[in-house]
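Visitor: Before we start, here is the structure in question, set down as structure tokens.
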Amino acid sequence: MRIEWLNQGTIASASFSGMSRRSFMKAGAVAGGGLVLGFVMPGAGRFANAQQPPAKVYEPNAFLHIAPDNTVTVQVNRLEFGQGVQTSLPMLIAEELEADWSQVRGALAPAGDQYKDPAFGIQITGGSGSIAHSFTQYREIGAKARAMLIAAAAEQWKVPADQIKTVKGTLIGPAGQKATYGAMADAAMKQPVPATVKLKDPKDFTIIGKPVKRLDARAKSTGKQQFGMDFKAPDSKVAVVARPPVFGAKVAKFDASKAKAIKGVIDVLEVKTDRGGSGVVVIADGYWPAKTGREALAIEWDTSGVEKVSSDKQLAEYKALSQKPGNVVRAADTSKLAGAAKKISAVYEFPYLAHAPMEPLNCVVDLRKDGCTVWAGSQFQTVDQGAIAATAGLKPEQVVLNTMMAGGGFGRRAVPTSDYLVEAVNIAKVWQAAGHKEPVKVIWSREDDIKGGYYRPSHVHRANIGVDAKGDIVAWDHVIVGQSIVSGTMFEPMMVKNGVDATMVEGMGEPYEVPLNLSAHSVKTNVPVLWWRSVGSTHTAFVMETLIDEAAHAAKMDPVAYRKKLLGEKGKRHLAALELAVAKSGYGKKALPKGQAYGVAVHESFNTVIAYVVVASVKNGQPKLHKVTAGVHCNLAVNPLTIEAQIQGAALMGLGMTLPGAAITLKDGVVEQQNFSDYTVARMTDMPKIDVYIVPSTDAPTGMGEPGLPPLAPAFANALFKLTGKRLRKLPFDLASA
2 MRIEWLNQGT IASASFSGMS RRSFMKAGAV AGGGLVLGFV MPGAGRFANA
52 QQPPAKVYEP NAFLHIAPDN TVTVQVNRLE FGQGVQTSLP MLIAEELEAD
102 WSQVRGALAP AGDQYKDPAF GIQITGGSGS IAHSFTQYRE IGAKARAMLI
152 AAAAEQWKVP ADQIKTVKGT LIGPAGQKAT YGAMADAAMK QPVPATVKLK
202 DPKDFTIIGK PVKRLDARAK STGKQQFGMD FKAPDSKVAV VARPPVFGAK
252 VAKFDASKAK AIKGVIDVLE VKTDRGGSGV VVIADGYWPA KTGREALAIE
302 WDTSGVEKVS SDKQLAEYKA LSQKPGNVVR AADTSKLAGA AKKISAVYEF
352 PYLAHAPMEP LNCVVDLRKD GCTVWAGSQF QTVDQGAIAA TAGLKPEQVV
402 LNTMMAGGGF GRRAVPTSDY LVEAVNIAKV WQAAGHKEPV KVIWSREDDI
452 KGGYYRPSHV HRANIGVDAK GDIVAWDHVI VGQSIVSGTM FEPMMVKNGV
502 DATMVEGMGE PYEVPLNLSA HSVKTNVPVL WWRSVGSTHT AFVMETLIDE
552 AAHAAKMDPV AYRKKLLGEK GKRHLAALEL AVAKSGYGKK ALPKGQAYGV
602 AVHESFNTVI AYVVVASVKN GQPKLHKVTA GVHCNLAVNP LTIEAQIQGA
652 ALMGLGMTLP GAAITLKDGV VEQQNFSDYT VARMTDMPKI DVYIVPSTDA
702 PTGMGEPGLP PLAPAFANAL FKLTGKRLRK LPFDLASA
């Protein structure tokens, strides 16, 4: 693997062992004192290792603690589930604080108003917004803390504040006075928080822009990192649920006698599940007896009154609907289609996709009359806290939601219905109603996760394009059919216009200057759907970039040159990313071995542009991806190592969409896949060589968690066209039927 960064430099020496929230509370109690800038420690529930009075709250709420031993702990207001925010966000504070990076730690913040995303107004990890939205916020916190430390030193040393320097966690006075941040922390805590601060010029950065190893790397690589699945509250019991085979179905009757006869099973109860359904929960001393007990249940399901979707029938309906105009998204003249010199007609098919993170869903619930404490890897803390409270009959402030490290999510842990957490609270309620008091740990198996719903929606696209004799696109009529992921959620009022979910059509048209006439049909059906890494761009990028490639072929132009021709004023960053990827890949200059071909795609999502130049081949009828060269325009690269990792992971996930078996299908309302044996995800053996190059910029950073995924599949498909002459119109790839 290779990566080039905006700023080259040596990797800072650091201790990479993370600190859990609980460990920090214990350490804080022992250390005593320290500068706390808006740092508040809500009660960790009845199982905290240590309790202490909440620290005094300062503006801006609640992110930074400097201990007497000079350890700097940064509260990360997001979920860390592999994307690297537990390192990148502390980097922002450490830069402006002038901290010693080797003494910086990250801790995951619980749910709290002070931790809300500055742009979204709720606590969330999504939309590739962690760095983009908190870039200024976290830097200001660091700068204000530094100003308070300087003010305290100036007061003690009787010198002007502007004569004090800060270097790697040390204050240095004009006469050689020295004090560590930790030694000055108590005095600094008494200083007023500055209303405004001057932030560094990017040219003066010493941490931001440098490749910094992750703070959680050592704990994860040595198996010491605690994830949500690892956490168990004292005396807690394990719960697994038999959920209805059709979404929204209910239990008609069940026989639990064989389940209750299994050693370790404590109780078997009926419980409410998502979408108005019901299921049966088995609660036991451990996961194995609970799982075995569930397998021994005899359940009859009532599926009357719920739609039973079948994928083949749905696809036929979608295709028929795509032949009719939908609700208008973007209007353009299509009259020139009839007289075009060349015409492109295409229908694209995209299946449902499961998120399938490595760590399935789980949480621990300790429900009491006066409150509820939950431990979960939540992407959606504000919404989840409110849903837990409503289900438990409590106020949100009575719910402590502790954010646990998660093993992936890709959107599945940010559900507007808070499905798995609401279900867990309902389990706790029926458990207590049956006379039990212990906390419950709800565990989803891999099968539960893949069959359990909330998928990337299936879609059909229909395109008719006219190209004139000069190779210019003179008309483009396009219809999209699929489900809305925001319908019925809090996002519907702001994201649905003229009956169309904006996420369904995002990425269509721009920045290319093409006369696109775009409409869409939003279909309602009994399959729960949700955002999936890079949301609508998972299908729109594939359609756009393969059609642009096809238009280039019709125009008898090089696909890179054709894209450059179509890029308008809004495409300057696209051009920079594309030219960088092309230059570094050898495209157009370096001859490939026989049987290999280049493919190109460029796409913007979450304000970041990714261009891919890939090298592919076909052997024994099977496509193979050999190399990916990425040109990345994300403005300022806060941590180039994280950007490299995001591109690697997103590209591999994008590749996974092309592999045979990468589809969720339904028959008579039942999901047919259940595990990695019949639902394909990309594996290490599929991983191509990836080189990552970042366009230099000092502009405020844009999102990186998702943009690396969309252009991979179309770049791959475009390379396969050069090898086979076949245009691939659906995912996953099927060369035999193309």
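Following this note's numbering, the numbering of the sequence shown begins with 2 at its first residue and continues without gaps.
From the three backbone atoms N, C-alpha and C, an ideal C-beta is built for every residue, glycine too.
These numbers come from a predicted model, not from an experiment.
Assuming F121 and G410 form a contact by the criterion Cβ under 8 Å, report the distance between their Cβ atoms to the nearest whole angstrom.
Guide: Residue 121 sits at position 120 when you count from the first residue of the sequence shown. Residue 410 sits at position 409 when you count from the first residue of the sequence shown. Not confirmed; about 17 Å, so no contact.
Visitor: Output the boundary residues of the alpha helix (DSSP H) element that contains K432.
Guide: To locate residue 432, count along the sequence shown from 1; it is residue 431. Sequence inspection shows Trp at residue 432; the Lys mentioned does not correspond to that position. First-last of the alpha helix (DSSP H) with W432: 420-434.
Visitor: On the criterion of 16 or more Cβ atoms from any shown chain inside 10 Å, does F677 qualify as buried, or is it exposed?
Guide: By 1-based counting over the sequence shown, the position of residue 677 is 676. F677 is exposed by the Cβ-count criterion.
Visitor: Taking the alpha-carbon positions, what's the T630 to Y694 distance?
Guide: As a first step, residue 630 is located in the sequence shown; it is residue number 629 there, counting from the start. As a first step, residue 694 is located in the sequence shown; it is residue number 693 there, counting from the start. Each residue's Cα considered, the two are about 8 Å apart.
Visitor: Need the endpoints of the alpha helix (DSSP H) that E439 sits in, please.
Guide: Start at 1 with the first residue of the sequence shown, and residue 439 comes out as number 438. Run containing E439: none; DSSP gives neither H nor E here.
Visitor: Candidates D101, V375, R295: which alpha carbon is nearest P111's?
Guide: Here residue 111 corresponds to residue number 110 of the sequence shown, with the count starting at 1. Cα-wise, what sits closest to P111 is V375.
Visitor: Would you decide whether Q164 is buried or exposed? Buried here means 16 or more other CB atoms lie within 10 Å of its CB.
Guide: As a working note, residue 164 is residue 163 in the sequence shown. Per the 10 Å Cβ criterion, exposed.
Visitor: In terms of alpha-carbon separation, which member of S419, G278, G655, G508 lies closest to V307?
Guide: Within the sequence shown, residue 307 is the residue found at index 306, counting from 1. Closest option to V307, Cα to Cα, is G278.
Visitor: With C364 and V443 assumed to form a contact (beta carbons below 8 Å), what rounded beta-carbon distance in angstroms separates them?
Guide: Here residue 364 corresponds to residue number 363 of the sequence shown, with the count starting at 1. Here residue 443 corresponds to residue number 442 of the sequence shown, with the count starting at 1. Confirmed, Cβ separation roughly 6 Å.
Visitor: I need the straight-line Cα distance from E424 to L36, nearest angstrom please.
Guide: What you label residue 424 is simply residue 423 of the sequence shown in a count that begins at 1. What you label residue 36 is simply residue 35 of the sequence shown in a count that begins at 1. Their backbone Cα atoms lie some 40 Å apart in a straight line.
Visitor: Return yes when the Cβ of D70 is within less than 8 Å of the Cβ of G183, no when it is not.
Guide: In the sequence shown, counting from the first residue as 1, residue 183 sits at position 182. In the sequence shown, counting from the first residue as 1, residue 70 sits at position 69. Going by C-beta atoms, G183 is nearer than 8 Å to D70.
Visitor: Is it buried or exposed for W533, if we count other Cβ within 10 angstroms and need 16 for buried?
Guide: Position 532 of the sequence shown holds residue 533. Under this definition W533 is a buried residue.
Visitor: Using 8 Å as the threshold, is the C-beta distance between S379 and R414 below it?
Guide: Here residue 379 refers to the residue found at position 378 of the sequence shown. Here residue 414 refers to the residue found at position 413 of the sequence shown. Contact: yes.
Visitor: List the DSSP bridge partners of M496.
Guide: Your numbering for residue 496 matches position 495 in the sequence shown. Partner(s): none; M496 has no beta bridge.
Visitor: In this structure, how does DSSP classify I695 when only helix, strand and coil are distinguished?
Guide: Stepping through the sequence shown from its first residue, residue 695 is reached at position 694. In the structure shown, I695 sits in a strand (DSSP, three-state: E or B).
Visitor: V601 to D550, Cα distance in whole Å?
Guide: Walking along the sequence shown from the start, residue 601 turns up at place 600. Walking along the sequence shown from the start, residue 550 turns up at place 549. Each residue's alpha carbon lies about 8 Å from the other.
Visitor: Rounded to the nearest angstrom, how far is the Cβ of V348 from that of S520, given a contact under 8 Å?
Guide: Residue mapping note: residue 348 aligns to position 347 of the sequence shown, counting from 1. Residue mapping note: residue 520 aligns to position 519 of the sequence shown, counting from 1. Their Cβ separation, rounded to whole angstroms, is 15 Å, which puts V348 and S520 out of contact at 8 Å.
Visitor: Whole angstroms are fine: how far does the CA of V536 sit from the CA of K727?
Guide: Against the sequence shown, residue 727 aligns to sequence position 726. Against the sequence shown, residue 536 aligns to sequence position 535. The alpha-carbon atoms of K727 and V536 are separated by roughly 27 Å.
Visitor: Identify, in the order they occur along the chain, each residue of the same chain with its Cβ nearer than 8 Å to the Cβ of T304, setting aside the five sequence neighbours on each side.
Guide: For the purposes of this step, residue 304 is taken as residue 303 along the sequence shown, with counting starting at 1. Hits under 8 Å: P245, P246, V247, A250, G670.
Visitor: What's the gap between the Cα of L362 and the Cα of D450?
Guide: In the sequence shown, residue 362 corresponds to position 361, counting from 1. In the sequence shown, residue 450 corresponds to position 449, counting from 1. One C-alpha to the other measures close to 7 Å.
Visitor: Would the segment 215-232 and the segment 262-269 be scored as touching if the rule is three or more Cβ pairs under 8 Å?
Guide: Short answer: they don't touch.
Visitor: Which two residues bound the contiguous alpha helix (DSSP H) that contains A393?
Guide: One-based indexing of the sequence shown puts residue 393 at position 392. A393 -> alpha helix (DSSP H) spans 382-393.
Visitor: Looking at the unbroken alpha helix (DSSP H) that takes in S222, where does it start and where does it end?
Guide: Translated into the one-based positions of the sequence shown, residue 222 becomes position 221. Where S222 is concerned, the enclosing alpha helix (DSSP H) stretches over 218-222.
Visitor: On the DSSP bridge assignment, give the partners of Q192 in chain order.
Guide: As a position in the sequence shown, residue 192 is number 191, starting the count at 1. Answer is none; Q192 lacks a bridge partner.
Visitor: For L298, tell me which candidate among K314, K309, E271 has the shortest Cα-Cα distance.
Guide: For the purposes of this step, residue 298 is identified with residue 297 of the sequence shown, where counting begins at 1. Considering only alpha carbons, the answer is E271.
Visitor: Using beta-carbon positions only, say whether A341 and V475 come within less than 8 Å of one another.
Guide: The residue labelled residue 341 in the question sits at position 340 within the sequence shown. The residue labelled residue 475 in the question sits at position 474 within the sequence shown. The answer is yes: Cβ separation under 8 Å.
Visitor: Tell me, please, which residues DSSP counts as bridged to D268.
Guide: Residue numbering aside, residue 268 sits at position 267 when the sequence shown is read from its first letter. BP columns for D268 point to I284.
Visitor: Excluding sequence positions up to five away, which residues of its chain have a Cβ less than 8 Å from the Cβ of A739?
Guide: Looking up residue 739 in the sequence shown gives position 738. Excluding sequence neighbours, A739 sits near T725, K727, R728, L729, R730.
Visitor: Which residues share a DSSP beta bridge with H604?
Guide: Position 603 of the sequence shown, counted from the first residue, corresponds to residue 604. Paired residue(s): I611.
Visitor: Hey, would you say A617 sits closer than 8 Å to K625, going by beta carbons?
Guide: Within the sequence shown, the letter at position 616 stands for residue 617. Within the sequence shown, the letter at position 624 stands for residue 625. Cβ atoms of A617 and K625: closer than 8 Å.
Visitor: Going by Cα to Cα distance, which pick from A663, N78, E673, A683 is closest to L732?
Guide: As a position in the sequence shown, residue 732 is number 731, starting the count at 1. Nearest of A663, N78, E673, A683 to L732, Cα basis: A663.
Visitor: Relative to the alpha-carbon of E439, which residue among M505, D217, A234 has its alpha-carbon at the smallest distance?
Guide: As a first step, residue 439 is located in the sequence shown; it is residue number 438 there, counting from the start. Of M505, D217, A234, the residue nearest in Cα terms is A234.
Visitor: Assuming the contact rule is C-beta atoms closer than 8 Å, L216 and G107 should be a hit. Round their C-beta distance to whole Å, please.
Guide: If you number the sequence shown from 1, residue 216 lands on position 215. If you number the sequence shown from 1, residue 107 lands on position 106. Rounded, the Cβ-Cβ distance is 5 Å, consistent with contact.
Visitor: Would you say L316 reaches chain D, if we count a Cβ-Cβ gap shorter than 8 Å as a contact?
Guide: Within the model displayed, chain D is absent; a lone protein chain is all it includes.
Visitor: Below 6 Å CB to CB, which residues in the same chain sit around M149 once its five sequence neighbours on both sides are set aside?
Guide: Walking along the sequence shown from the start, residue 149 turns up at place 148. Result list for M149: A189, Q192, in chain order.
Visitor: Whole angstroms are fine: how far does the CA of L90 sit from the CA of F40?
Guide: By 1-based counting over the sequence shown, the position of residue 40 is 39. By 1-based counting over the sequence shown, the position of residue 90 is 89. Below a pLDDT of 50, predicted positions are generally treated as unreliable, and F40, at 40, falls in that range; the measurement from the model is reported next regardless. Taking the straight line from one Cα to the other gives about 16 Å.
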